[in-house]
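Student: Got a structure for you, questions after.
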Amino acid sequence: MKPFDYVKPRQLAEAVSLLSADDPDTRPVSGGTAIMLMMKAGVLRPARLVSLRHVEDEFRQIAVAADGSLHIGGMTTLAELERSPEIQQGWPMLARTFKTLSNIRVRNVAMIGGNLAHGDPHMDMPPVLTALGATVVIQGPNGSRELPVKDLCLGYYETALAGNELITKVIVPPMQGRQAAYFKVTTRVSHDWPTLGLAAVVKMEQDRLADARLIVGAATDRPTSLDNAVQLLVGQPLSDALLKQAGEEAAHGLDIVSDQHGSAQYKKHLLSVYLGRAVRAAVGGGQQEAS
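Throughout the sequence shown, residue numbering follows UniProt numbering, covering 1 to 291 in sequence.
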């Protein structure tokens, strides 16, 4: 590991000023759980790291706004989010999902903004927050902008962030009668990288789906909406046969890639099976599984 500068700004504006849109050797670092592994592996050799751990406390706050939306500071740790009573009460799928991310040592230091900015297609939060309709607030040298989480990831480790932009807040809209579940299928333990992640957010009217968002992760280069399955399910009475058909349609229509966590064929099979389970779990109150 070659020597590098490590700077610790006390204000967000200072942190942004130390970054550059054109200098890939200067990187922001929040919890450092991913970037340090990349540096040890020799994949990343930065000349300067800009720490975000000491910026203003307002960027570590969790609050419910007057409109019922959840506002999460970008420098909030995953462990703080896991324990948040506001999240447990209003967005229980989030609280349950945080418990399955890596291990408690990582969750104690990893921050939500850095988690999303990393752009790893195997992470759990991008598909979950996409299904919940979340947005991120991004700060750059020319001010702030908002971007839906569904538009943040562009490909493998590629996001819509410029090199001098930081995620300062995540905004999750109120559930408004919707229910949700996230199924994380792993090859080893529940907190491992997922072979397949599937987030379902549904709204029921009697025995029919009035609305649904079905997002798959860890099988494609970015969180992907299963629009063909949604079109098949919405407005129809739920049945095992219909859910099976929706799972098969979703798997058939998706360009899935093989990786160290499973072959494309295996992931297609998992998707065809778990889509129905995720929808049933969301309809039934949101309990999820880690398999």
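Where a beta carbon is used, it is the ideal one built from N, C-alpha and C, also for glycine. Since this is a predicted model, take the numbers as computed values, not measurements.
1. Considering Cα atoms alone, identify which of H54, P141 and L129 is closest to V170.
2. In whole angstroms, what is the alpha-carbon distance linking G133 and M175?
3. Between the Cα of D22 and those of E165, V234, R178 and A110, spot the shortest distance and give me the residue it belongs to.
4. Helix, strand or coil for K267, going by three-state DSSP, please let me know.
5. Straight-line CA distance for S225 to I62?
6. Taking its Cβ as the centre, do 16 or more other Cβ atoms sit within 10 Å of D25, making it buried, or is it exposed?
7. Under a Cβ-count criterion, where at least 16 other Cβ atoms within 10 Å of its own Cβ denotes burial, should Y274 be classed as buried or exposed?
8. Hey, out of L154, L78, V230 and A131, whose CA is closest to F183's CA?
9. So what does DSSP say about Y157, is it helix, strand or coil?
10. Going by alpha carbons, who is nearest to L116 out of I35, H261 and K267?
11. Put M204 into one of helix, strand or coil per three-state DSSP.
12. Return the chain-ordered list of same chain residues with a C-beta closer than 7 Å to the C-beta of L19, the five sequence neighbours on each side being excluded.
13. Only counting runs of 4 or more residues, tell me where the alpha helix (DSSP H) segments fall wholly within the segment 14 to 53, in order along the chain.
14. Which word fits S263, buried or exposed, when buried means at least 16 other C-beta atoms lie within 10 angstroms of its C-beta?
15. What separation, rounded to the nearest whole angstrom, lies between the Cα atoms of G73 and M38?
16. Nearest to E68 by alpha carbon, out of P173, L233 and K203?
17. Might you give, ordered along the chain, the residues of its own chain that have their beta carbon closer than 7 Å to the beta carbon of L270, omitting 5 neighbours on each side?
18. Going by CA-CA distance only, name the one from E80, L242 and M93 that's closest to V106.
19. Counting C-beta neighbours from all protein chains within 10 Å, is the total for E58 16 or more, i.e. buried, or is it exposed?
20. Shortest alpha-carbon distance to A65 belongs to which of D151, E86, E56 and G155?
21. Around the Cβ of E14, are there at least 16 other Cβ atoms within 10 angstroms (buried) or fewer (exposed)?
22. Please go through the segment 130 to 197 and give each complete beta strand (DSSP E) segment of 3 or more residues, from N-terminal end onward.
23. Check each candidate in E249, E82 and V109 and name the one with the smallest Cα separation from T100.
24. V149 to Q206, Cα distance in whole Å?
Tutor: On the basis of the data shown:
1. Closest option to V170, judged by alpha-carbon separation, among H54, P141 and L129: L129.
2. If you draw a straight line from the Cα of G133 to the Cα of M175, it is about 10 Å long.
3. Among E165, V234, R178 and A110, the Cα nearest to that of D22 belongs to E165.
4. In the structure shown, K267 sits in a helix (DSSP, three-state: H, G or I).
5. The alpha-carbon separation between S225 and I62 amounts to approximately 28 Å.
6. Exposed.
7. Counting Cβ neighbours within 10 Å, Y274 comes out buried, since at least 16 surround it.
8. Ranking the options by Cα distance to F183, first place goes to A131.
9. Three-state DSSP puts Y157 in coil, outside helix and strand.
10. The shortest Cα separation from L116 among I35, H261 and K267 belongs to I35.
11. Under the three-state reduction of DSSP, M204 is assigned to strand.
12. So the qualifying residues of the chain are T26, P28, V50, G163 and N164.
13. Those alpha helix (DSSP H) runs which fall completely within the segment 14 to 53 and span 4+ residues are 35 to 40.
14. It is exposed - the Cβ of S263 has fewer than 16 other Cβ atoms within 10 Å.
15. The alpha-carbon atoms of G73 and M38 are separated by roughly 25 Å.
16. Contrary to the premise, residue 68 reads as Gly rather than Glu in this sequence. Looking at the Cα atoms, P173 is the closest of the given residues.
17. So the list reads V185, T195 and L196, once near-sequence residues are dropped.
18. The shortest Cα separation from V106 among E80, L242 and M93 belongs to E80.
19. Exposed: under 16 other Cβ atoms inside 10 Å.
20. Looking at D151, E86, E56 and G155, the one whose alpha-carbon comes closest to that of A65 is E86.
21. Counting every other CB atom within 10 Å of its CB across the protein chains shown gives E14 a total below 16, marking it as exposed.
22. Listed in chain order, the beta strand (DSSP E) elements of length 3 or more contained wholly in the segment 130 to 197 are 135 to 140, 143 to 148, 153 to 155, 166 to 172 and 179 to 185.
23. T100 has its Cα closest to that of E82, out of E249, E82 and V109.
24. Between V149 and Q206, the C-alpha separation is close to 30 Å.
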